[in-house]
Each structure stands twice: as C-alpha cells, then as structure tokens.
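Taken in sequence, the protein lines are chains V and F. Just so you know, the first sequence maps onto residues 1 to 351 in our numbering. Just so you know, the second sequence maps onto residues 1001 to 1617 in our numbering. The beta carbon of each residue, even a glycine, is placed where N, CA and C say it ideally should be. Please read all numbers here as calculations on a predicted model, not as lab measurements.
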Amino acid sequence: MTYIAKPKLHHPTLACNAIGFTRRDYEGKISTLCAGCGHDSISASIIQACWELDIEPHRVAKLSGIGCSSKTPDYFLGQSHGFNTVHGRMPSVLTGANLANRDLLYLGVSGDGDSASIGIGQFVHAIRRGVNMVYIVENNGVYGLTKGQFSATADQGSKSKKGVVNTDSPLDLVGLAMQLGATFVARGFSGDKKQLVPLIKAAIAHKGAAFIDVISPCVAFNNHAGSTKSYEYVREHNEAVNRLDFIDVRAEITVDYAEGEIIDVTQHDGNIIRLRKLRADFNTHDRVAAMNYVHAHQAKGEVVTGLLYVDPDAHDLHEHFNTTEVPINRLGAKELSPGAEALAKINNSLR
Amino acid sequence: MNAQIETRRHPRIEATNDFVVKFANVNGSGSASANELFARAILRMGVPVSPRNIFPSNIQGLPTWYEVRVSERGWLGRRGGVDLMVAMNPQTWDADLKEIEPGGYLFYDSTRPLPASKFRDDIHVIGMPLTAICNRTYADARQRQLFKNIMYLGALSILLDIDAREIKRLFAEQYKGKEKLLDSNVQALELGREHAAQHLDPIGLHVQRADNVGDKIFVDGNVAAALGCVYGGATVCAWYPITPSSSLAEAFQKYCMKYRVDAETGRNRFAIVQAEDEIASIGMCVGAGWNGARAFTTTAGPGISLMNEFIGLAYFAEIPITIIDVQRGGPSTGMPTRTQQSDVLACAYASHGDTKHVLLLPEDPHECFEFSAQAFDLADRLQTPIFVLTDLDIGMNQRLTAPFAWNDTREYDRGKVMTAEELEAGRDFGRYKDVDGDGIPYRTYPGTHAERGAYFTRGTSRDPYARYSERGPDYIYNMERLLRKWETAKSLVPQPILRSTGGEAQDGVIFYGSTSPSMAEAIELLGKQSLVLDTLRVRAFPFPDSVGEFIRRHERVFVVEQNRDGQLRTLLINEFGIDPARLVAILHYDGTPITARSIAAAIAAQIRPTKAKEKMA
C-alpha cells in the first residue's frame, strides 16, 4: 500500500552527495505499481538525477495528474511536497504553483492518457507559456489503472491485449512540444537509464519548459506482440540521435569521449550538456530540422530518442510576466495593499 | 416637423427629482457615453441616480437600453415603469412606447414623419428632428451619428433643467488634452439646447439641485471587486473571458499596473494569466493557493460548471481559492448579457460527493470591494474555496455607493500555516488533523523545512497525517472534521442585516444581493398601504443561526430572489429543515433587474386576503 513508508535505515557506507544526502534520502514510499513497470525505472532515474545534482529534496515540488504514472511522485522525493491533482489538469496546477513561488523546482509527472488524451489542452498551453518546469510523460500507450484501453499516443494499427486494433492516428507529444515552442524536448526509454538520467539532469538545469517523453512499457497491458510500446519493440526500433552527459560546472570532467562528434551546450546557469552525436545528420539546435527528422524516422516505425531540441537562451513565464525576484507568496499587506491614502484618491476619482 | 402632437387626454406627470428616464438605442451607435453623461450630470447636481444598461450579446446593431432612475431620496433600485422614453431605436418602437406611464413623455427623432397610429394618446410626445439637424450641421457620417446623441443630451438638459455647466465640466474632464473634441462636443450640446429652447414645450419632469449624494462614489461592482482583490492581497489572477465578468479581471490588471509595480526594480508584484479555459483558470488558482499565494478567478455560470471538478478538489484537499461569479441568465448560454441570481445552488453545492461552499452575497459595489478583500482572509482561514456571488446588475452598472475604506493597520489573515521554526521546534504536524477543535488543520507551504512538514496533497481519502487511506474511519474523521469547519465558518462570514419593525410585523422578508435597493423601496411602498414586514438581508452562506431564528419568529417569510426556482429558499429549507409552506417565493427572472413595484405588488397580493379576513373577524 502506498502509505507504507520505507524504513529509514541508512547503511553507513552509503555514498553521500555534496550536500550530505545519500541516494536513500531521495526515495519515497514503496511503489504499488506492477513488478517490472517502466514507471518505477523512471522514478529511479529521477532519484538518481536529483542526487547527482545535489538538489535539496524539500526545494522540489512534484505534481501529477491521475493514473499509474501520476501515482509515482509518492515513490520518490519523500521530503518534497507533492500534489496529485485531477485527471489531465496537472499543467494548470503546476503553472499556478510556479507563479506563487519561482524559487522551487517544479517537476510535473504525467502519463499519455493524462497528457495526450484528457489533458492535451493543458499540456499544449503550459508548454506554450514557457513554464519553468520539468514535464515528464511516462508514455505506455494504454490506460493501466482502468485495465488496458488505448490512449491517444497508441500507434494506429497497434493491437491491445484483448485483440482490439487501434484505428485512430497517434498524437506525437515530442513533435507537438517542438511545434508549441518548448525550449527543451527529449525522448527517453525507461529501459535505458544511462540515457535517461542525463536527460533528466539537463532538463532540471534548463530554465524554461523542458519536456521529456519517456517510452515506458506497461508490463500488464501493453507488452505483448503487436504493441509498439513494448520493451521488445522499443529496444528493436530505438533510434538514438545522441548520447548525452550533463556536466556540472563544479565537477571535473572525467568522461572519455573517444568517438563521434562532441557538442557542448552551455545552459543559463553555466552547466554544460555534452552531446555525443550518433547521427551526423541531426542538429539539436534546429527546431524545424529536428521536427522533420523525428517525423521522417517515426514514419519508418523508428522511435527517435535523445535530446531532440534545446534552446540554451530560453525564457520562462516569470520573465515574460516581469514578476519580482522575491516569490510572490512571501509578499504581505505592506507590499500588496496600495494603502488608505491611495484609496482616498481612487474614491475621489469616482465622484 | 411638428414639434408637438396634441394629446391631452391624460394629465401629464409632474415630478421633481423622482422619475425614470429610459433611452432606447441601437448598440454601437455611440449612445452609451452620452447617456452616461446624462446620469453623471444629474449626480453632480447632488441628486442620486442609478442607471442600468440593458444590453444585448452583440457589438453592433441590436437594441440596447439605458434606464436611469432619478431619486432625490436615494432609491437606487429599479422602480418599474418609465416616465420619459427617449426612443432612438425604430426596431423597438412599439414595445418602448408601451412602457411609458400614462401621462408620461416620449422624446423621439421627428425627422421622418410618423403616422398618428404609431403614438399613444395618453402620453405627451416631444419630437425633435435630430437627424435633419445633424445632416445639416455635419458632413462626416460618423459625426452625424455621434453628435445626434450629444444633441439629444442638450435638448434633455433644457427640458429637465439639467445644469449645462455640469455637462461641460464632465466634457472637460473626459477630453482633457483633446481640446478639439471638447469644442465639438460643446458645440453639439449647444445646438441641442438652442433647438429645445426655441421649439420644444416644457415638460413636467425636473431636476433640482440637492445635496443628497454626499461623499458617495459612482462605480460598478466589477471595478469595486477588482480593487477589493488588489487591497485583499491577491497576487495570482487566472481567468477566461466571459460576460459579465471580463471587466473585473481587466480592472484588476489596470490597478495592478498602477499600484503593484515595485518602484525600485520595476518588477510586478502580481501575475495575471488569461488561461485557455475556466478549468485551467481554476487549476492555476488551486496551484497558487496550495503554494501560499492569494489567488482568484472571476467567471460566470458556464465557467462555474466547467470548474466543478477542481472546486471539489479544493474543498477536499483544503486549498484556499477565491472565485468571483458575476451571475448572468442561465442555463447554458442563457441570457449572457442579462442579470439573474441563478448560480446560488450550483455554487453552494458545487462538485460531486458531499460538498458545501462558503458564499458571500454583496448588495452593491461597496460590498463587492469589502467582500472580495475579505474573501482572501476567509479562504486562508478556512482553507477552502470562497465564492463571491455578484451579478450583472451590480457588476456592470455604475452605482452610487459608500466610499471604499481601508485601514492601513489591517494585516492579512493567512490562517493556520506552520512555520519552519515551529517545525524545527518539533511541533507535531498532521495536515488533516484537527488540533484546535474548530475543524481547521494546519498546513505548510512547499519548501518550508528540509526534513519536516512535507506532505502529499491528493483528492483521494487520507488519514490525519495526509497518508493515503481507504479506511472507513479515516474517511469519516475527515468528512466530519469538514463539517466542524463549516460550523466555524458561520461565525466568520458577514452576518445578516435585520430591519425590524419591533414586533409589529407577522411576516418577514429574506432577500440578498442586487435585490437590495429595490427591496428597500418596496418596503416603503408596502408601508404606504399599511403593510409592514421585518426584513433580513442574508449576506453569506453558511447561514448563521440568526437566519433560522428570523424564520421561526415569523408566521410566514417571503424569500425574494432573481431566479426561477427559488434557489436561496431551497437552501434555507435544506439547511434549517423548515416546512416549505412557511417560505413564500417571490421571484423575478426575465433577465432585467427586479423592480420595487413588482416586489411590492407580489407581496401585497399575498398579504391582503389575510388582512381582509382579520377585519371581517
């Protein structure tokens, strides 16, 4: 059950990060998802990314909608405030929360039913607005909690476990996010943590709307032959355009880059995303070319993964709104009420 | 071009500072500003007026009316009936004519002669060839149209003795720095005055300088509520355009840009999002409220319908938000530019499952300001959605109202928020635990403390420590605690206002919101017929116990409201378990604001038979 907390026993030899936390300090309650669920791997990747980035857990706000994926924020970052909102509406709640306090890190976790079906409108507009957040969709093409119905990302012609063929064409969240002006767009695979952890780290460091679509197979309802979101299918058709390392400016660069072309992308805060290009014909800074590439390869049945687009000079909603540096939830009557004298003037102007 | 049609079969109405003028215009013809000048000029003469726009869902071409009640005594509701009709719209001529009181006056554009059959013989007709004069004076088509309005304003100022200097002063304020416009408007006004002075016979309606406006201000409820939000400390406004609430969000933006920009940094102490729909609007408020900002949305009935799921979440997860509903005619798109009080039940019990919400019911712009500011304190104190229910009549019409007041020593009540220091000191934190017996638990803002105070917010059931739980006793504990909180709310909300005759009256009246000014006049009209009643103006839901006591003290209570189903009456019956036969519904719901005469007539019709029986006995 989700209210069973893990025992807080830390082995003395567990490694600590720069702020003295072990990996266990970033964990949450015991997952109630099915054994082998891709979502649990994503939770583990989030834990790993936050630990490696030395993030104070209580400075993270994790928000989700409704569904299997939306349950996961209870399973990581137990010291963070979490909010399991309503189905498909996490983006608006996250937007409001972000407006109230710009100093926290906002992590939105959603699923393909939550974001692409019922919540497509809110997904679209949160991305358009450039809300500073990491928005992860744990994409398995089906509704898990209601037992296996198709979601809007299910490929046309794919077969459900009950043998029903999906006749609707799929929504491609990655293509959509790029078109909508997301300044960081990536796709990962829950079965490839080596690729996913640096993607999450880079998304966290990105100031703006960062979107990661993570293909995350549903072992209970969408891991069979005929599915295009199964472990087997994704492994066979994974077309990674780059491998990525997130380099903290404070850390020494120790990774060995022997092969392929290396590109360093310096983010706002000075941190560097180091990309090792796996495809010579792919350019991460060209939104239109990236969209074309992704669409062309998807048409061939390939699942394009990696960092697909990044704008290192991104701006977020607070910059658009010119809001104060001090989070507005800290302002009191002194800062907010114009005062009795101003009101007397207003009264006079209304006579 | 006959200025007067001789009709003397009914004595003409003679009245000073107490009459109703109605302007029938075509939407988009520029009449609105001339009509407003008419009302303001009388106000500047110290005579209270209350104008009402009765307008279509349209930008140009459909009929629109502006009804001005002139009342030295300060009756600000609609009286009913029209003493002078300024009929500028041929489309509505027949209906407009019918509304004039016998002995009343018709002012019209007599450029094109009309057959006698188009008039009534019991009214007094004043024709002025407005189009002809304008066509003669102006070459530009737009000027011909616009100055026609100013010209009838000039003529009316002669007929009604309105001080032209007041109109000119208003022009000067309006066209400050635009002298060319000022001159041309004054010229049009003078043209109208000259014609009226030379060609029109005097009438029996007059404005006479008085001193009954005092320090009152003239403002609409949406502007007032927006200011209340600014003073009340709202920092996040998320909204979606919908009549009649849009001007509230726009006024909030205007005042924020003036009063909420940090002088040193030039940065904004507010965030306003025009969201993609009402669901996102309230979602943003929920997020901001959860994270410790004062957030509000403003909407109308259709928006409330869309927001229902989130309202339930905010109720159950206990998140402070403020929702200002400027009610209009429903259901569905209904009558989007007409007024009603028909969202009462939809708001009181919004969302699925067992829910009840706090409603504040302002009567005028002054209370729109007060209640909007107070709503944020109540939302934080009670950790729940607070509805401010106004309507189009209050929201979009300028009303004479008591000036806004603010005490600079007033601090915001942020409710029970546990601080980092308290958490550090080891204070027990159970997000949904009732530690004070008032049903209100403590909350923490995200990011407060490194190891303590974090909790998971959800719409699913949980135990007092916010841990997911489907156990029956945990669920019941929570639902009963929410009821205790509801009891606490009764003493915090604005209390009802009683006007008692001191034991003389057997019958009572309960009313609320925009019905208030007409109700006050109706009580006087009834008094003239020796029909006395105690009245109780309800200002909030949950109803304090005094509302139930008022009902118990009276044999029969009339519940006056502006909807079809008697929604407040239903709430009263439901909350107090009262015999429905004791609550008599007096209803008005055609989309126009309720009138004093209609209330008085409906109540008198119910009371009289009883009085007659008493006399016989």
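- Residue environment for aspartate 155 of chain V: buried (at least 16 other C-beta atoms within 10 angstroms of its C-beta).
- Taken through DSSP and simplified to helix, strand or coil, threonine 1419 of chain F comes out as coil.
- In terms of Cα proximity to glutamine 1060 of chain F, the closest of F:Met1085, F:Asn1027, F:Pro1048, F:Tyr1066 is F:Asn1027.
- For glutamate 1480 of chain F, the number of other beta carbons within 10 angstroms of its own is below 16, and it is reported as exposed.
- DSSP, read as helix, strand or coil, puts glutamine 149 of chain V in strand.
- Chain V has a Cβ within less than 9 angstroms of the Cβ of proline 1446 of chain F.
- Under the DSSP definition of a beta bridge, valine 1236 of chain F partners with F:Ala1271, F:Ala1295.
- Shortest Cα-Cα distance from methionine 1128 of chain F to any of F:Gly1154, F:Lys1118, F:Gly1104 involves F:Gly1154.
- A check of alpha carbon separations from glycine 1080 of chain F across F:Phe1316, F:Val1047, F:Arg1052 identifies F:Arg1052 as the nearest.
- When secondary structure is reduced to three states using DSSP, phenylalanine 1558 of chain F falls in the strand class.
- Along the region 1242-1270 of chain F, the positions whose C-beta sits under 9 angstroms from a C-beta of chain V are Tyr1255, Lys1258, Tyr1259, Arg1260, Val1261, Asp1262, Thr1265, Gly1266, Arg1267, Asn1268, Arg1269, Phe1270, read in chain order.
- In this structure, valine 142 of chain V sits near cysteine 218 of chain V, with a CB-CB distance shorter than 9 angstroms.
- By the C-beta criterion, the region 1295-1307 of chain F is judged to be in contact with the region 1318-1334 of chain F, since at least 3 inter-stretch pairs fall below 8 angstroms.
- In the three-state scheme derived from DSSP, where H, G and I count as helix and E and B as strand, valine 1584 of chain F is classed as strand.
- Those residues of the region 1392-1421 of chain F placed with their C-beta closer than 8 angstroms to a C-beta in chain V are Pro1403, Phe1404, Ala1405, Trp1406, Asn1407, Asp1408, Arg1410, Glu1411, Tyr1412, ordered along the chain.
- Nearest neighbour of isoleucine 127 of chain V by Cα position, chosen from V:Val164, V:Val185, V:Phe150, V:Glu138, turns out to be V:Val185.
- CA-CA distance, histidine 1195 of chain F to serine 1029 of chain F, rounds to 22 angstroms.
- The C-alpha of arginine 23 of chain V lies about 8 angstroms from the C-alpha of leucine 14 of chain V.
- Beta-bridge partners assigned by DSSP to glutamate 261 of chain V: V:Lys277.
- Interface annotation, glycine 226 of chain V: not in contact with chain F, CB-CB separation never under 9 angstroms.
- With contact defined as three or more Cβ pairs closer than 8 angstroms, the region 1574-1584 of chain F and the region 1543-1560 of chain F are in contact.
- Threonine 1592 of chain F is classed as buried because its beta carbon has at least 16 other beta carbons within 10 Å across all chains shown.
- The C-beta of serine 1281 of chain F comes closer than 9 angstroms to at least one C-beta of chain V.
- Counting along the chain, glutamate 236 of chain V sits inside the alpha helix (DSSP H) bounded by residues 231-237.
- In terms of Cβ geometry, glycine 1103 of chain F and arginine 1012 of chain F form a close pair [threshold 9 angstroms].
- Per DSSP, the continuous alpha helix (DSSP H) segment holding valine 288 of chain V begins and ends at 287-299.
- Under the criterion of beta carbons closer than 8 angstroms, serine 1514 of chain F and aspartate 1391 of chain F qualify as touching, at roughly 5 angstroms.
- With respect to the C-alpha of proline 170 of chain V, the residue from V:Ser69, V:His295, V:Ala202 having the closest C-alpha is V:His295.
- Neighbours of isoleucine 328 of chain V in chain F, taken as residues whose beta carbon is under 8 angstroms from its own, are Thr1235, Val1236, Arg1269, Phe1270, Ala1271, Ala1293 in chain order.
- The alpha carbon of valine 109 of chain V has as its nearest neighbour, out of V:Val214, V:Asn347, V:Thr324, the alpha carbon of V:Val214.
- Assignment of aspartate 1277 of chain F by DSSP, reduced to helix, strand and coil, places it in the coil class.
- Our two residues, phenylalanine 282 of chain V and tyrosine 233 of chain V, have alpha carbons roughly 23 angstroms apart in a direct line.
- For the 9 angstroms CB-CB criterion, valine 1273 of chain F and threonine 32 of chain V do not form a contact.
- At a cut-off of 9 angstroms between beta carbons, tyrosine 1442 of chain F makes no contact with chain V.
- For methionine 1151 of chain F, there is no enclosing beta strand (DSSP E); the residue is found in the alpha helix (DSSP H) stretching over 1141-1159.
- At a C-beta separation below 8 angstroms, serine 80 of chain V has these neighbours in chain F: Pro1446, Ala1454.
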